[in-house]
Amino acid sequence: MLGPWHHFPAEQTLAWLRSLGLPIQSPAASPGAQAETAASALVDLLGRELDRRGIEVRTGHNALEVATRPDGFQVWFEEGEPLIVEALVLATGTGPHRGLALAEAFGHTVQPLSPSLLALKLKDARLRHLQGQPPVEAEVRFADRPGLPADRVERGQVEILGHGIGGPAIANLTAWAAPELAGARYRFPFQINWVPQYGGQIARELSQRALHHTKGVIAEEPQAGLPPKLWARLVEAAKIGPQETWGSVDKRYLSTLVGQLTQGRFSANGYAMHKPEHTYAGGVSRDEIDFRTMGSRKHGRLYFAGELVDCDAILGGGNALLALTHAQIIAATAEQKG
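Final position of the sequence shown in my numbering is 1728; the numbers increase by one with none missing.
Quick look at the structure:
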């Protein structure tokens, strides 16, 4: 999906939105952070811009059928008169699937839908009943499962939930392999590095702690800024006793604790959608769309935009940016054709 951004780069779209008065901030919390803004503010702004340009918007019109005509298309609705148009843009998303059915009626291939941006269900003693703990800045990756991108690493907040684990890092990792995870029935191993900010130095940090704080009880002295209850569970998973001190702990168990902190292995056994996000991979096949115009390769004057296309993005506004980019390309194409 990089092709459309050669026509309308992200910077150009953001500059256009700023020129219309949309407040956009670029957080510097982590490298490559996406520009973020409230979705409601974006919707309100686009509505005002449509009014200013005199573009009619009809809501509550359920399209039942679309047919081609020599001069364009005819659309029949559940209620009211049919509509005759010169060009048609399908931008319904993947929610009610109506747009996908219309695309199939025009002979387009629809790739199966797979939920994306997920939270993961799992049962693990290390995380049981820890919901409500502060989110942790962590790195997550898939673990030795054929067909999954083992080199993909996502860093961001990880949140412990009642049914498992979620947060931006987990959601973004699952977005990179949504169809593969669906094929695996969402049962797969993954790893968490709870202390990525330490690089390879966490072992040295713990060794220094053992040298200089010999009387401290390990389970009661959280390190690396981890929430106390999570720290205690990881200590327990390393087979370190609840009253074990830094000075008395066997170095082998300290090494096991390092492994729990940096390469903790977990097994997903299901999924839940990520809070307000309802995003799917799949949709109208990319091979059947000309990304220079977002037009159908099967029917002239038929266009596709947004998540109806077989594309999806990570958190941070990527899907909204794709939809806006598609819309700009379609508008420019329509203007050229008069």
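For glycine and all other residues, C-beta sits at the position ideal for the given N, C-alpha and C.
Just so you know, the alpha carbons of Gly1483 and Lys1629 end up roughly 49 Å apart.
The three-state secondary structure of Trp1406, taken from DSSP, is helix. Here the segment 1632–1647 makes contact with the segment 1594–1611; the two share three or more CB pairs at distances below 8 Å.
Counting only residues of its own chain and dropping the five nearest sequence neighbours on each side, Glu1494 has a CB closer than 8 Å to the CB of Val1500. As the crow flies, the alpha-carbon of Ile1550 is around 41 Å from that of Val1479. By the Cβ criterion, the segment 1508–1517 is in contact with the segment 1642–1657, since at least three pairs of Cβ atoms, one from each stretch, lie closer than 8 Å. Across the structure, Cys1701 and Phe1681 are spaced so that their CA atoms are roughly 12 Å apart.
Classified as exposed, Gln1402 has fewer than 16 neighbouring CB atoms from the shown chains inside 10 Å of its CB. Relative to Gly1573, the option among Arg1535, Glu1725 and Glu1446 whose CA is nearest is Arg1535.
No residue range can be given for Thr1449, since it is assigned to no beta strand (DSSP E) and is classified by DSSP as neither H nor E.
DSSP lists Tyr1670 as the beta-bridge partner residues of Pro1505. Under the three-state reduction of DSSP output, Glu1527 falls in the strand class. The three-state secondary structure of Trp1466, taken from DSSP, is strand. The C-beta distance from Pro1525 to Val1548 rounds to 6 Å, short enough to fall under 8 Å.
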